[in-house]
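Each residue of the sequence shown is one higher than the last, beginning at 8 in the numbering used here.
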Amino acid sequence: MASNKYCVIMAGGIGSRFWPKSRQSMPKQFLDILGTGKSFIRHTYERFAKIVPAENFLVVTNHKYKDLVLEHIPEIGERQVLCEPIGRNTAPCIAYAAYTLMKQNPDAEMIVTPADHLILNEEDFRQIIGECLEFADKHDALLTVGIKPTRPDTGYGYIQVSDTNVISKVKCFTEKPNLELAQTFLQTGEFFWNSGIFIWKVQTIVEAFRKHLPEHHAMFSGVMKALGTDAEKTTVEIVFSECRAISIDYGIMEKADNVYVRCGDFGWSDVGTWGSVYQHSRKDRYANAVPEQGCYLYDTRSSIVSLPKDKVAVISGLKEYIVVDTDDVLMICPRSEEQNIKKFIDEVKFHNGDKHI
Numbered sequence: 008m009a010s011n012k013y014c015v016i017m018a019g020g021i022g023s024r025f026w027p028k029s030r031q032s033m034p035k036q037f038l039d040i041l042g043t044g045k046s047f048i049r050h051t052y053e054r055f056a057k058i059v060p061a062e063n064f065l066v067v068t069n070h071k072y073k074d075l076v077l078e079h080i081p082e083i084g085e086r087q088v089l090c091e092p093i094g095r096n097t098a099p100c101i102a103y104a105a106y107t108l109m110k111q112n113p114d115a116e117m118i119v120t121p122a123d124h125l126i127l128n129e130e131d132f133r134q135i136i137g138e139c140l141e142f143a144d145k146h147d148a149l150l151t152v153g154i155k156p157t158r159p160d161t162g163y164g165y166i167q168v169s170d171t172n173v174i175s176k177v178k179c180f181t182e183k184p185n186l187e188l189a190q191t192f193l194q195t196g197e198f199f200w201n202s203g204i205f206i207w208k209v210q211t212i213v214e215a216f217r218k219h220l221p222e223h224h225a226m227f228s229g230v231m232k233a234l235g236t237d238a239e240k241t242t243v244e245i246v247f248s249e250c251r252a253i254s255i256d257y258g259i260m261e262k263a264d265n266v267y268v269r270c271g272d273f274g275w276s277d278v279g280t281w282g283s284v285y286q287h288s289r290k291d292r293y294a295n296a297v298p299e300q301g302c303y304l305y306d307t308r309s310s311i312v313s314l315p316k317d318k319v320a321v322i323s324g325l326k327e328y329i330v331v332d333t334d335d336v337l338m339i340c341p342r343s344e345e346q347n348i349k350k351f352i353d354e355v356k357f358h359n360g361d362k363h364i
């Protein structure tokens, strides 16, 4: 019997916080930054392939990355890669997938996930996803997965729960609080990190677009006949050129009254920065995260080093630094200043154009 469970992988970002390793030509989701032997998107596919059959995956990505998606996930076909002509944030991305599924199978249940997250305890995670799918099947609910916070992190959005049920109604969302507020959130025990992983029936999310983002609903429902046909590419280019860029959180989740959260603690990270890679990497006795070969350190502590294969680096006297070398760019930056990476990119682009971006 055909499954009504579908997985939508959002894979359109360029991973600029991982520059210079992540580039416009080969962004983070297609890289093996953690040294596991597999790319982020490959891990994501395998994680959900135990729940969803291969034919029920959709990957939404920039048109430039279609071939990369098919290379990293050869189990899926070309029609399963939905190509965005330009990035318009997560609401149009999810709408593209939702209205595609609405045409294919109006009874579909959707899991929506970023392509580049780390999950350490995948068995517990899949159990939680299964509970969410069961809940979504019985209720007209928009579910998100919350993460039990381990520190007052200012880089994540937070979800406040309204009760102590396993699946709780969401009280409110708070986007990236300051440190003092994040510390308060941690103390209350009512707030969880927003993972950006969603579960819902396709009919429920389409109704949410109709109610809360009517202009997006009008555009995507108006072109449903073209989706999955030879006219799709041209039609989608027109829609994306006209539709407003907005996140699913701002556009729908913060407005809807049928939003629920299933919170868990399964070793999650969005691996969004070099700092988070350092946190999850194996370290030597001096707390350095370095390649197994080719790196010679002297009087160096608490640093992370990334090198191309077969390249040698000799580093002396660094404390808490990021060193990333590629074929054409070398970046050396204190770990405490990695928020400046986007500024570095802008400066390099201004003087050198796009060839190093």
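Each residue gets a CB set at the ideal place from its N, CA and C atoms; glycine is no exception.
The beta strand (DSSP E) spanning residue i covers which residue range?
i	result
Glu91	Val88 to Glu91
Val355	Segment Ile348 to Asn359 is the alpha helix (DSSP H) holding Val355; no beta strand (DSSP E) there.
Phe142	Taken as a continuous stretch (DSSP letters only), Phe142 belongs to no beta strand (DSSP E), being part of the alpha helix (DSSP H) at Glu129 to Lys145.
Tyr303	Cys302 to Tyr305
Classify residue i: buried if its beta carbon has 16 or more other beta carbons within 10 angstroms, exposed otherwise.
i	result
Gly42	exposed
Pro121	buried
Lys316	exposed
Ile212	buried
Ser421	This structure does not reach residue 421, given that the chain is present from 8 up to 364, and the question cannot be answered.
Leu65	buried
Leu337	exposed
Thr68	buried
Ile218	Sequence check: residue 218 is Lys here, not Ile. With fewer than 16 other Cβ atoms within 10 Å, it is exposed.
Pro27	buried
Thr51	buried
Thr236	exposed
Asn347	exposed
His79	buried
Leu234	buried
Asn127	Checking the sequence, you will find Leu at residue 127 rather than Asn. So Leu127 counts as exposed.
Asp291	exposed
Glu344	exposed
Asp256	buried
Gly22	buried
Arg353	Residue identity differs from the one stated: residue 353 is Asp in this sequence, not Arg. With fewer than 16 Cβ atoms within 10 Å of its Cβ, Asp353 is classed as exposed.
Arg86	exposed
Ser29	buried
Closer than 8 Å by C-beta to residue i: which residues in its own chain qualify, once you throw out the five before and the five after it? Chain order, please.
i	result
Glu138	Val173, Ile174 and Arg269
Ser254	Asn96, Thr97 and Ala98
Gly271	Asp131, Phe132, Ile135, Val152, Gly153, Ile154 and Lys155
Ser288	Leu41, Gly42, Ala296 and Ile311
Gln286	Ser276
Pro159	Leu186, Ala189, Gln190, Phe192 and Leu193
Strictly by DSSP, which residues pair up with residue i?
i	result
Thr151	Phe205 and Val268
Met17	Val67 and Pro121
Arg308	Lys326
Asp332	Leu337
Phe180	Ile166
Phe199	Ile166
Ile174	Arg269
Ser313	Val331
Glu116	Lys12 and Lys208
Val321	Tyr303
Trp26	Answer by DSSP bridge pairing: none, since Trp26 is not bridged.
Ser276	Leu125
Ala296	Ile311
Between which two residues does the alpha helix (DSSP H) containing residue i stretch?
i	result
Val1	The structure shown does not extend to residue 1, since the chain is modelled only from 8 through 364, so no value can be given for it.
Asp74	Lys73 to His79
Leu220	No alpha helix (DSSP H) contains Leu220, which DSSP labels as neither H nor E.
Cys250	That residue, Cys250, is in no alpha helix (DSSP H); it is neither H nor E in DSSP.
Lys110	Thr97 to Gln111
His363	Segment: none, His363 is in no alpha helix (DSSP H) and carries neither H nor E.
Thr51	Phe47 to Phe55
Gln284	A quick correction: the sequence has Val, not Gln, at residue 284. It spans Trp281 to His287 - the alpha helix (DSSP H) in which Val284 sits, taken as one unbroken run.
For residue i, which residues of its own chain have a beta-carbon under 7 Å away from its beta-carbon, when the five flanking residues on both sides are left out?
i	result
Leu75	Phe37
Glu82	Ala61
Using a Cβ-Cβ cut-off of 6 Å (strictly less than) and excluding sequence neighbours within five positions of residue i, which residues of its own chain qualify?
i	result
Ala252	Arg95 and Asn96
Lys176	Ser169 and Tyr267
Cys14	Phe55, Val59, Phe64 and Ile118
Thr107	Leu234
Tyr165	Thr181, Phe192 and Phe198
Phe25	Lys35
Lys356	Ile364
Val330	Val312 and Ile339
Q. With contact counted as at least three CB pairs below 8 Å, one residue from each stretch, are the region 135-151 and the region 199-208 in contact?
A. Under the three-pair Cβ rule at 8 Å, the region 135-151 counts as touching the region 199-208.
Q.
Measuring CB atoms only, is the region 32-52 touching the region 100-119, in the sense that at least three cross pairs come out at less than 8 Å?
A. Verdict: no, contact absent.
Q) Given 8 Å as the limit, is there contact between the region 222-239 and the region 142-158, that is, 3 or more CB pairs closer than that? A) No: fewer than three Cβ pairs fall under 8 Å.
Q. Do three or more CB pairs link the region 78-93 to the region 176-194 at distances below 8 Å?
A. No, the region 78-93 does not touch the region 176-194.
**Q.** the region 250-264 contacting the region 12-19, beta-carbon criterion three pairs below 8 Å
**A.** The answer is no - the region 12-19 does not touch the region 250-264, with fewer than three Cβ pairs under 8 Å.
Q: May I ask you to verify whether the region 300-312 touches the region 321-338, counting CB pairs closer than 8 Å and requiring at least 3?
A: Here the region 300-312 lies against the region 321-338, with 3 or more beta-carbon pairs under 8 Å apart.
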